[in-house]
Structure formats: structure tokens, C-alpha cells
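Worksheet: the structure to be examined is printed underneath.
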Amino acid sequence: MLGEIAFWWILTAGVWLVTLSARTSSELAVMAVCTLPCAMLARPARRANAGRWQLRIGWLRWPLTMAGEVIPQTVQVWVYALRRTRPTIRAVPLPDEPKAVAAARRAAAVLTLATTPGTVVLDCDPRKRSVLVHLTGRRPSRLEQAVQR
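Each number in this note's numbering corresponds to the 1-based position in the sequence shown with 2 added.
Now the structure itself:
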């Protein structure tokens, strides 16, 4: 039990760290305090799911792709704000997969896409096998392409 909570704490803290603009002691303290409840709730959430998700090892590359998208998307956000250009709303199609894999992909894709500064996830529809996103960029990002593979 403690090992799993530690795993989730490290994972959620890692996501938090990637999104920090400055790593000060106060930011790190807030990170530790805010991610611990998430980690503690992750275990019961996983158990309530009864292991119905089947994760794929290749999805572990998504956080690296996400980290590479932070700077370009931050620039896109500033360009969007300064030029007052129209946003893009589009559906990111997901592959047709077995139910347990598809459910896991949707959850991982929503989490990963929502973590970048230029993307807001609006909806995730299992029937349409897609994630609806609001974007500041026009072209699909590398992260959008990654979650589709």
C-alpha cells in the first residue's frame, strides 16, 4: 500500500515539476502538500476501477513529448494573447482498441494533453473515440500525434 502511494506521489509530483516555471523551496513545499492527497486517492480510485485499464509501455514516452511541448506552446499562448487570434477546437481521434486499453488511453491522453499550456481538454467521448481540445495553435502538436499512436 505505501509503495503504491509513493509511486503515485512521485508520479503526480513529477507532473507538477514539469509545469513549474521556477523551483523555489515554497513551490516545492506546495507541490509536496498538494500531490500527497492525490497520491492517497489514486489507490482507491484504481481499486474502484477494478483493474479495467490496460496501460501500454509506449505511453511512458508521452511525458517526454509533453515536456518538449511546454516551451513552444507557451510561445503560442503569448502569440495568441497578443494577436487575439481565434482558437482552434478540434477532436483528437484515438485508435480503435480493446475496451480496457481504450479506457486507459483516454484517461492518459486527457491527463497528458491537459498538462500543456496551450491545450484545454473540453470533452472525452468514448463513443466517438476522441478527445475534444481547445488549442492556441493551428497545427497538431507532437503530443497530439503521440496520443493517437
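For every residue, glycine included, the Cβ atom is placed at its ideal position computed from N, Cα and C.
Tell me the rounded alpha-carbon separation between residue i and residue j.
| i | j | result |
| --- | --- | --- |
| Thr87 | Met3 | 49 Å |
| Val77 | Asp98 | 33 Å |
| Arg108 | Val149 | 9 Å |
| Arg92 | Val35 | 35 Å |
| Thr90 | Lys130 | 19 Å |
| Met42 | Thr26 | 24 Å |
| Val152 | Pro65 | The structure shown does not extend to residue 152, since the chain spans only 3 to 151, so no value can be given for it. |
| Arg141 | Lys101 | 29 Å |
| Ala8 | Arg85 | 44 Å |
| Gln147 | Leu96 | 10 Å |
| Arg151 | Arg63 | 11 Å |
To which residues does DSSP link residue i through a beta bridge?
| i | result |
| --- | --- |
| Pro95 | Ser132 |
| Leu137 | Thr90 and Thr121 |
Helix, strand or coil for residue i? Go by DSSP, reduced to three states.
| i | result |
| --- | --- |
| Leu2 | Given that the chain is displayed from residue 3 to residue 151, the structure contains no residue 2 and the question cannot be resolved. |
| Thr121 | strand |
| Leu62 | helix |
| Thr90 | strand |
| Leu38 | helix |
Considering only the beta carbon of each residue, do residue i and residue j sit closer than 8 Å?
| i | j | result |
| --- | --- | --- |
| Val115 | Val133 | Just to set this straight, residue 115 is Leu in the shown sequence, not Val. Yes. |
| Met68 | Leu145 | yes |
| Gly120 | Val79 | yes |
| Trp10 | Cys40 | yes |
| Trp55 | Ala24 | no |
| Val112 | Val122 | no |
| Met33 | Ala15 | yes |
Against chain D, does residue i count as a neighbour if the rule is that its beta carbon must be under 8 Å from one of theirs?
| i | result |
| --- | --- |
| Arg48 | In summary, chain D is missing from the structure at hand, where a single protein chain is found. |
Got a sec: does the ligand ATP put a non-hydrogen atom nearer than 7 Å to the Cβ of residue i?
| i | result |
| --- | --- |
| Val94 | No copy of the ligand ATP occurs in the structure displayed, which carries no ligand at all. |
Evaluate contact between the region 63-72 and the region 14-23, counting only Cβ atoms and requiring at least three cross-stretch pairs below 8 Å.
yes
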